[in-house]
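Enquirer:
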Amino acid sequence: MAGGTTLRESLKEMKRLKNEPLLLMVIVLIILLVGYFTIWPVIKVITVPQASDYAQLFAKRRWISALKNSLFMTVVSTLSCTAVAFLFAYVVSRLDVPCKGLFRFVALLPIVSPPFIVALSYILLFGIQGIITKGLLGLHVDIYGKFGLWIVQTVTFFPYAYSVILGVIQKISPNLEYAAYNMGATRWQVFRDVFWPLCRPGVAGGALIAAVNVLCDFGNPMMIGGDLALLPTEAYMQISGWYDMNTAAVLASALLVPALAIFVINRFWVGKRSYVTITGKEISLTPLKPPAWVKWGLFSLTMLVSLFVLLVYGSLALGAFTKAWGYDWSLTLNNMKYVLNKGGQIWNSIRFGLLASLGASLLAMVLAYIVQKKQVGVNRLLDFLAILPGAIPGIFLGIGFVMAFNEPPLELTGTAAIMVLALLFWNIPTCYSACTAGLQQIGASVEDAALNLGASSFVSFRDVILPLLKGPFMSGFVLSFLRSVTCLSVVIFLYAPSTIVGTISIMGLVETGQWGSAAAFTVTLIAIAFTVLKVSQVVLRRQGIRLEL
Amino acid sequence: MENFIEFRNVTKRFDDFVALDHVSLSIPRGSFVTLLGPSGCGKTTLLRQLAGFAEPEEGDILIEGRRMNGLPPYKRNTPLVFQEYALFPHMTVYENISYGLKLQKAPKEEMDRRVAEMLEMFNLTGLEKRFPKQLSGGQQQRVAFARALIMGQKILLLDEPLSNLDAKLRVEVRTELRQLQQRLQITAIYVTHDQDEALSMSDIIAVMRKGRIEQLGTPWDIYFRPVSRFVADFVGTVNFLPCVVEKKEGKSLTVRYHQQKLTFDTEVDLRPGERCTVVVRPECMTVRPEHAGEGQLVGEIQNYSFLGRYIRYWIRCNDQTLIVDDSNPGLTGAISGRVRLSLDLPKLHVLKDVGNAPD
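Protein sequence lines, in the order shown, are assigned to chains A and B. According to numbering that gives the first Met the number 0, the stretch in the first sequence is residues 0 to 548, in order. According to numbering that gives the first Met the number 0, the stretch in the second sequence is residues 0 to 358, in order.
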């Protein structure tokens, strides 16, 4: 009766909590908070629509095609994201080529940018007024729709897969490849029989991360999807156009199912199949060198993608300083002046981002600590609560907040608090995984040693765990801040005139064709994000802490 | 000697796995007690119960007669040296060593003085500003000792503290540690799976197996008078000779091993005709070329291994292979071919076969 004993163990562990009232209080508080701000909105969204509302999903042709389109885009964009990501990860980690710094930079850019930025630049480059289509080639093409969206999502989301795949590749010891080589395998056989099988869990993990991002992507389809019906954008239309909460909730729920499925597969299947153990041992051996034509072929491909990404960002920068994109190419500061006038919105972005990420990283740190280092009988529940928001599409969480907090006991509609809280809970998994990774690096006995020397649980947490978690904490904090500042999907339903943030403004500007101002706004947001990133990297490096994103 | 530490019927389960099965153990003040056993035998679990990192389901743990059950680790005053040292990576040597004093809010001068003493004692003077990762393995280990001893407690728990050191250093530290324990009159509980460490340092060894103490005794008892095949086999190298009892008169026992009769003294209660196992250590046999003529057993050398201070022979004898060590190898190399073995009869030991089947 393994189940019975586990339950008994859990109960026993819970009973022991009587002796640690502080810990018990913290646990109860966390469960209440996360329950109220994550589970409750989810329940609201799922339960508010009637069965007849759900039936519509399979009756209306537009919803069926939204479902199909969403799944189709997820599949094709995920495939291309994963391919590009593997290319980048392989080139950066295994090849002796120049420009690696550039490749790393290119793979970081989309992560620190608003999610719709690639769509925006794509329009600037290839749209009706595009600098390449109209300016250089004199074409008049319609780029809105599946193809454009595919390109844009590939560029936007490959970095997420890249970081996962890179992490795995870097931990594969070149020794294994040498061993196969030593036994008589050719370089291709080494790749096929040793390297690739070891990469596979990482590639699968990266693909799933990309998939969930593509599936839940709201900004890009909004800007470049055109008439293409997709679940997130349709849900948004229902609310903004028809004030039809029930239908929006149904569409969001339809989105939640595949998102949860991907999440579960990633966590419980791919996670367990990884061959790579985290030992923290550095691999210094030079990897096996592929033939020159392979090396330079891969290099050229990577360079091509990188140049495209740079072009995307370059056009955005140009757009920010151009008078009227497509008509009047003369340079101007007017767009920037416009942004200055809207300084309040930028300030909102920063303010909400800071508060949300501070809250998220504090809460996540305590959560990660309890889950990793304390046996409290509810570790699994706490772990589940901490990672759950990661499985919820931003758009779903946004609708959930609208539905859950427009009524007592907590009426938050239109306040800044609802924006901060939504971003806070949306970011918990980000901070949680950073802190969890950090805690796993701290040997189990280090804290025992403090207890052994006479430090109470609280004192050992303060003296040992906190200082050692500084790095992961800051990583989670900075990453959350970047995510918050560039987030659109979560906040799009929650803002009021006084709480508009940068991303929402940009969407409005794009919808009305004010490319210059939109570009200027975006450039400003990216500048803020990069400044925060760089400043914190420099400050932390002085303290000997490496910021991991 | 009074009992300083006592385990009474301590039982601990992890799900269905019984880690400790009604373990009772009394540890006299000032003694060096080693918990010896293979991994998973419960030795570390027992130590962690004493330090308070885990609570037994049943049984009591007492220090100086005071029941420790339920007391959190930080109130137990049971300094522990961890296997991987568990130095605080973000603190300097000074901060690591003084951490316990700092928690007690000791005045700065006292802290300085006592840290200086420890640095001196452990040959670490001058390294106080370094961080653990800037130290060698041996230095880290000494910091761990200093950190555990600075509070001046009369008890020290050690969880395989030498296992991360290289072989030579391990032997050196062994001697130093034993001297230190005796000089400071500390009661030490030492966990290891290394029989050499156990034999060389301990007053008492508790050999553990599957959550129970299989044998408790002095190193001599454990080595020469093991109570079971498991203990005999785990501590040192051993040959088991299957024998039948011929007669027992008082302490004097005569057994038959194939055609050869062996007579020696034993306390073990045996009856004529009963099957038994004679335990003989490799160094308790002498090997000579067959023509030299002496010795109870005849065999043929199958293999040998020269280890400098001795030669180990594998000798086919009757239907088994015996391991015999020649502790004074000649200059001309190993002997070969048919040989005679003489057994050092007073050092023979016998185990009853009943209830003591081979694994």
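A virtual CB, placed ideally from N, CA and C, is assigned to each residue, including glycine.
Could you tell me how far apart the beta carbons of A:Leu-148 and A:Met-72 are, in whole angstroms, since I believe they sit closer than 8 angstroms?
Expert: Within the first sequence, residue 148 of chain A is the residue found at index 149, counting from 1. Within the first sequence, residue 72 of chain A is the residue found at index 73, counting from 1. Right, the Cβ-Cβ distance comes to about 6 angstroms (below 8 angstroms), so this counts as a contact.
Enquirer: Using a Cβ-Cβ cut-off of 8 angstroms, state whether B:Phe-121 counts as contacting chain A.
Expert: Taking the second sequence and counting its residues from 1, the one referred to as residue 121 of chain B is at position 122. Not one chain A Cβ lies under 8 angstroms of B:Phe-121.
Enquirer: Report the start-end ranges of each alpha helix (DSSP H) in the stretch 33-110 of chain B that is 4 residues or longer and not cut off at the edges.
Expert: Qualifying alpha helix (DSSP H) stretches, in chain order: 42-50 and 92-102.
Enquirer: Should A:Thr-301 be labelled buried (16 or more other beta-carbon atoms within 10 Å of its own) or exposed?
Expert: Position 302 of the first sequence holds residue 301 of chain A. Buried, by the Cβ-count rule.
Enquirer: Please identify, using Cβ separations under 9 angstroms, the residues of the stretch 437-470 of chain A that lie next to chain B, in order along the chain.
Expert: Of all residues in the stretch 437-470 of chain A, Ile-441, Gly-442, Ala-443, Ser-444, Val-445, Glu-446, Asp-447, Ala-448, Ala-449, Leu-450, Asn-451, Leu-452, Gly-453, Ala-454, Ser-455, Ser-456, Val-458, Ser-459, Asp-462, Val-463, Pro-466, Leu-467 and Lys-469 have a Cβ within less than 9 angstroms of some Cβ in chain B.
Enquirer: Is the distance from the Cβ of B:Leu-19 to the Cβ of B:Gly-41 below 8 angstroms?
Expert: For the purposes of this step, residue 19 of chain B is identified with residue 20 of the second sequence, where counting begins at 1. For the purposes of this step, residue 41 of chain B is identified with residue 42 of the second sequence, where counting begins at 1. Yes, they are a contact pair.
Enquirer: What residues match up with B:Gly-298 in a beta bridge as DSSP calls it?
Expert: If you number the second sequence from 1, residue 298 of chain B lands on position 299. For B:Gly-298, which the question treats as bridged, DSSP gives the partners B:Val-338.
Enquirer: Name, going along the chain, the residues of the stretch 79-93 of chain B whose beta-carbon falls closer than 8 angstroms to a beta-carbon of chain A.
Expert: The stretch 79-93 of chain B vs chain A, Cβ under 8 angstroms: Leu-79, Phe-81, Gln-82, Glu-83, Ala-85, Leu-86, Phe-87, Pro-88 and His-89.
Enquirer: If you measure beta-carbon to beta-carbon, which residues of the stretch 1-18 of chain B are closer than 9 angstroms to chain A?
Expert: If the cut-off is 9 angstroms between Cβ atoms, the stretch 1-18 of chain B has Arg-12, Phe-13, Asp-14 and Asp-15 near chain A.
Enquirer: Run through chain A and tell me which residues come within less than 8 angstroms of B:Leu-102, C-beta to C-beta.
Expert: Your numbering for residue 102 of chain B matches position 103 in the second sequence. Neighbours of B:Leu-102 on chain A, chain order: Leu-452, Gly-453, Ala-454 and Val-458.
Enquirer: Please return the same chain residues whose Cβ sits closer than 8 angstroms to the Cβ of A:Leu-438, not counting the five positions on each side in sequence.
Expert: For this step, residue 438 of chain A is matched to residue 439 along the first sequence. Only Ala-367, Tyr-368, Gln-371, Lys-372, Ile-464, Leu-468 and Pro-471 meet the Cβ criterion.
Enquirer: Looking at the structure shown, is B:His-348 part of a helix, part of a strand, or coil, going by DSSP?
Expert: Here the question's residue 348 of chain B lines up with position 349 in the second sequence. Looking at B:His-348 - three-state DSSP - the assignment turns out to be strand.
Enquirer: Among the residues of its own chain, which have a CB less than 6 angstroms from the CB of B:Glu-108, if the five just before and after it don't count?
Expert: Here the question's residue 108 of chain B lines up with position 109 in the second sequence. Once the five neighbours on either side are set aside, B:Glu-108 has no close Cβ partner at all.
Enquirer: Who does B:Gln-319 pair with in a DSSP beta bridge?
Expert: Position 320 of the second sequence, counted from the start, is the residue given in the question as residue 319 of chain B. Looking at the DSSP assignment, B:Gln-319 forms a beta bridge with B:Cys-316.
Enquirer: Spell out whether any CB of chain B is found under 8 angstroms from the CB atom of A:Glu-8.
Expert: Along the first sequence, one-based indexing puts residue 8 of chain A at 9. Output row for A:Glu-8: interface = yes.
Enquirer: In three-state terms, what does DSSP make of A:Ala-228?
Expert: As a first step, residue 228 of chain A is located in the first sequence; it is residue number 229 there, counting from the start. Of the three classes helix, strand and coil, the one that applies to A:Ala-228 here is coil, per DSSP.
Enquirer: Which residues in the same chain as B:Lys-351 place their Cβ atom closer than 7 angstroms to its Cβ, once the five residues preceding and following it in sequence are excluded?
Expert: Here the question's residue 351 of chain B lines up with position 352 in the second sequence. Closer than 7 angstroms at the Cβ level, and outside the excluded window around B:Lys-351, lie Val-267, Leu-269 and Cys-275.
Enquirer: Can you look up A:Ala-206 in the DSSP assignment and give me helix, strand or coil?
Expert: Here the question's residue 206 of chain A lines up with position 207 in the first sequence. It is helical.
Enquirer: If you run the structure through DSSP and keep just helix, strand and coil, what is A:Gly-144?
Expert: Start at 1 with the first residue of the first sequence, and residue 144 of chain A comes out as number 145. Reduced to three states, the DSSP call for A:Gly-144 is coil.
Enquirer: Below 7 angstroms between beta carbons is the criterion; list the residues of the stretch 25-56 of chain B that meet it against any residue of chain A, in chain order.
Expert: Within the stretch 25-56 of chain B, the residues whose Cβ lies closer than 7 angstroms to some Cβ of chain A are Ala-50 and Phe-52, listed in chain order.
Enquirer: Since B:Arg-208 and B:Ile-149 should fall inside the 8 angstroms C-beta cutoff, what is the C-beta to C-beta distance between them, to a whole number of angstroms?
Expert: Residue mapping note: residue 208 of chain B aligns to position 209 of the second sequence, counting from 1. Residue mapping note: residue 149 of chain B aligns to position 150 of the second sequence, counting from 1. That belief does not hold up - the Cβ atoms of B:Arg-208 and B:Ile-149 are roughly 36 angstroms apart, past 8 angstroms.
Enquirer: From this set, B:Asn-317, B:Asp-14 and B:Ala-166, which residue's C-alpha is nearest B:Gln-301's C-alpha?
Expert: As a first step, residue 301 of chain B is located in the second sequence; it is residue number 302 there, counting from the start. The residue with the shortest Cα to Cα distance from B:Gln-301 is B:Asn-317.
Enquirer: Nearest chain A C-beta to B:Pro-72 closer than 8 angstroms, yes or no?
Expert: By 1-based counting over the second sequence, the position of residue 72 of chain B is 73. Chain A contact via Cβ: present.
Enquirer: State the beta-bridge partners of A:Thr-498 as determined by DSSP.
Expert: Here residue 498 of chain A refers to the residue found at position 499 when the first sequence is read from its first residue. Its beta-bridge partners do not exist; DSSP assigns none.
Enquirer: So, is A:Met-182 buried or exposed, given that buried needs 16 or more other C-beta atoms within 10 angstroms?
Expert: The count along the first sequence starts at 1 and reaches residue 182 of chain A at position 183. Answer is exposed; the Cβ neighbour count stays below 16.
Enquirer: Please report the residue range of the beta strand (DSSP E) in which A:Met-182 lies.
Expert: Your numbering for residue 182 of chain A matches position 183 in the first sequence. Careful: A:Met-182 lies outside any beta strand (DSSP E) and carries neither H nor E.
Enquirer: Compare the C-beta of B:Gly-365 with all C-beta atoms of chain A and state if any pair is closer than 8 angstroms.
Expert: Residue coverage of chain B in this structure runs from 0 to 358, which leaves residue 365 of chain B outside it and unanswerable.
Enquirer: Would you mind telling me which residues of chain A sit closer than 8 angstroms to B:Thr-77, beta carbon to beta carbon, in chain order?
Expert: As a position in the second sequence, residue 77 of chain B is number 78, starting the count at 1. Those within 8 angstroms of B:Thr-77 in chain A are Asn-451.
Enquirer: With a 10 Å radius around its C-beta and 16 neighbouring C-beta atoms as the bar for buried, classify A:Gln-152 as buried or exposed.
Expert: As a working note, residue 152 of chain A is residue 153 in the first sequence. Flag for A:Gln-152 reads buried.
Enquirer: Applying the criterion that 16 or more other CB atoms from any shown protein chain within 10 Å of the CB defines a buried residue, is B:Thr-124 buried or exposed?
Expert: The count along the second sequence starts at 1 and reaches residue 124 of chain B at position 125. The residue is exposed, with fewer than 16 neighbouring Cβ atoms inside 10 Å.
Enquirer: Under the three-state reduction of DSSP, which class applies to A:Leu-56: helix, strand or coil?
Expert: The count along the first sequence starts at 1 and reaches residue 56 of chain A at position 57. DSSP places A:Leu-56 in helix when its eight states are reduced to three.
Enquirer: Please confirm if B:Arg-208 has its CB atom under 8 angstroms from at least one CB of chain A.
Expert: In the second sequence, residue 208 of chain B corresponds to position 209, counting from 1. Closer than 8 angstroms: no.
Enquirer: Nearest to B:Glu-116 by alpha carbon, out of B:Ile-96, B:Lys-132 and B:Phe-229?
Expert: Here residue 116 of chain B is taken as the residue at index 117 of the second sequence, counted from 1. When only C-alpha atoms are compared, the closest one is B:Ile-96.
Enquirer: In the DSSP assignment, what residue or residues form a beta bridge with A:Gly-323?
Expert: For the purposes of this step, residue 323 of chain A is taken as residue 324 along the first sequence, with counting starting at 1. Inspection of the sequence shows that residue 323 of chain A is occupied by Ala rather than by Gly. Beta-bridge pairing links A:Ala-323 to A:Asp-327.
Enquirer: DSSP on B:Arg-7, reduced to helix/strand/coil?
Expert: For the purposes of this step, residue 7 of chain B is identified with residue 8 of the second sequence, where counting begins at 1. Here B:Arg-7 sits in strand by DSSP.
Enquirer: Alpha carbons only, please: which of A:Lys-170, A:Val-74, A:Asp-95 and A:Asn-219 is nearest the one belonging to A:Tyr-143?
Expert: Here residue 143 of chain A is taken as the residue at index 144 of the first sequence, counted from 1. For A:Tyr-143, the nearest C-alpha among the options comes from A:Asn-219.
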